[in-house]
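Have a look at the structure below, then the notes.
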Amino acid sequence: YKAKVEVFDNTSLKKGEYLFEINTITPENGLFLSDIELCSKISQDTVKSIYFKNGLKVVPNPRRTFDVLQPMLYFYVETNNLSYDVSQQTQYAFSYAIITTDGDTVKERKPVLKNIAGPKLVEIGGFNVMALPQNHYFLVIKAKDLLTNKEVTARTRFQVYKPTSETVPSEEDQNAIITGIYGEFTKEDLEKEFSVAQYLTSRDEEKVFKKLENAEAMKSFLINFWQSKDQQYAKKAGEFRKEYMNRVDIANERFRSMGREGWKTDRGRVFLIYGEPNEYERFPSSMDVLPYIIWHYYDLEGSQFFVFVDMDGFGDYRQIHSTYRKELQNPNWEGAISKSSGGGGF
């Protein structure tokens with residue numbers, strides 16, 4: 001196809017156009033993959049926005065560049081013409097890798113076996129690429145139909161960019177950052193912020209805060225609280241709070257469910273405490289298994305993962321297992337996601 005983009009300036013009354021060719025994939029009778037779409041964000045979409053695609057809000061990253069402001073690489077790809085048979089359970093293997101332009105593999109996800117719930121399935125995923133050196137890379141995705149043994153591959157190019165310098169504020173400016181945050185905060189605003197920070201607070205801190213009777217005392221408490229977090233994690237003044245509250249905003253946007261704010265959900269809690277997972281896997285509902293998601297944290301005590309399952313089919317994913325010692329653990333979690341067990345195996 002040939003495409004034409006036209007731009008018109010209402011002020012100068014000038015206009016311009018750009019012509020270019022689009023090569024589309026020709027559908028085949030056998031297994032084939034769509035183009036890989038690199039994204040800045042993927043989330044559930046209940047309002048059918050302009051980014052709506054198969055029940056998801058898929059926000060593209062057309063620059064295909066990832067940096068400290070956009071550290072997460074998300075991808076969307078469709079697997080077509082799978083060997084779907086309602087009379088038997090069939091499977092396919094899905095894997096991906098990141099390779100350099102010289103062909104060296106720098107990250108690899110081993111094949112994961114998944115049940116085929118239809119002839120066309122959507123695969124989404126995401127991982128943090130900031131551990132990679134600044135360079136150009138290829139994301140290579142493979143799918144193999146285990147019934148026909150046919151394997152297909154798709155790939156797309158992206159860039160990791162890292163700035164070489166950063167302006168550091170003076171110590172006086174840093175102190176002003178943390179103390180000047182709460183200038184216009186009301187007592188209710190301060191109580192809400194402490195509530196949002198509950199995943200970080202100790203029982204003693206909760207008892208102390210509940211006894212505070214006025215806004216000034218609450219401001220002083222929160223200033224000291226966030227300063228202690230900056231020191232604990234070797235952050236600049238106000239940086240830890242800024243990162244945490246940014247996570248709150250992201251959690252509210254991504255994980256809002258059943259009338260609850262996103263930060264109050266299980267996924268929101270894990271996201272606030274541990275941050276963005278390095279990788280996540282999405283498993284749709286099948287004849288035997290409830291829909292579930294696995295989050296991987298490779299830097300958390302030697303690599304840990306969290307399992308969330310949608311028990312009721314309303315998108316409210318609840319945590320049922322984690323390999324991390326400080327979290328809920330259920331060695332029989334795979335039985336808990338089985339429809340034959342009624343989802344009550346934990």
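1 is the number that this note's numbering gives to position 1 of the sequence shown; each next residue is one higher, with no gaps.
All C-beta atoms, glycine included, are put in the ideal place defined by N, C-alpha and C.
Tell me whether L121 is buried or exposed, calling it buried when 16 or more other Cβ atoms sit within 10 Å of its Cβ. Result: buried.
Three-state secondary structure assigned by DSSP to N224: DSSP places N224 in helix when its eight states are reduced to three.
For the beta strand (DSSP E) that contains S95, what are its first and last residues? Boundaries of the beta strand (DSSP E) around S95: Q91 to T100.
Do three or more CB pairs link the region 236 to 243 to the region 263 to 272 at distances below 8 Å? In short, these stretches do not touch, since the Cβ pair count stays below three.
With DSSP run on the structure shown, which of helix, strand or coil describes K264? Note: K264 maps to helix in three-state DSSP.
Alpha helix (DSSP H) segment containing S83, residue limits: For S83, there is no enclosing alpha helix (DSSP H), since its DSSP letter is neither H nor E.
Identity of the residue in D288, E327 and N54 nearest L300 by Cα: Nearest C-alpha to L300: E327.
For V168, I'd like the list of residues in its chain whose CB is within less than 8 Å of its CB, leaving aside the five on either flank, ordered along the chain. Caution is warranted here: a pLDDT of 49 is assigned to V168, below 50, making its placement in the model unreliable, and no coordinate value can be reported.
With DSSP as the reference, please indicate the residues paired to N135 in a beta bridge. In the DSSP assignment, N135 is bridged to V160.
State the Cα-Cα distance for the pair W295 and V208, rounded to the nearest angstrom. Their Cα atoms are separated by approximately 34 Å.
CB S40 to CB E253, shorter than 8 Å? In this structure, E253 does not lie closer than 8 Å to S40 by Cβ.
Please determine if the region 145 to 158 and the region 105 to 112 are in contact, where contact requires at least 3 C-beta pairs separated by less than 8 Å. Put simply, the region 145 to 158 does not touch the region 105 to 112. Fewer than three CB pairs are less than 8 Å apart.
Tell me the DSSP secondary structure of V168 in three-state form. For V168, the pLDDT reaches just 49, beneath the cut-off of 50, and the residue's location in the model is therefore unreliable, although a value from the coordinates is still provided. In the structure shown, the three-state DSSP call for V168 is coil.
Apply the 10 Å Cβ neighbour rule to A143 and answer buried if 16 or more other Cβ atoms are within range, or exposed otherwise. Buried is the label assigned to A143, since at least 16 other Cβ atoms lie within 10 Å of its Cβ.
Three-state secondary structure (DSSP) at E276? It is coil, neither helix nor strand.
Assigned exposure category for R260 - 16 Cβ within 10 Å defines buried: If you draw a 10 Å sphere on the C-beta of R260, you find fewer than 16 other C-beta atoms in it, and that means exposed.
Could you spell out where the beta strand (DSSP E) holding R109 opens and where it closes? Run containing R109: T105 to N115, per the beta strand (DSSP E) assignment.
Of all the options P71, A93 and K242, which has the alpha carbon lying nearest to the alpha carbon of L132? Ranking P71, A93 and K242 by Cα distance to L132 puts P71 first.
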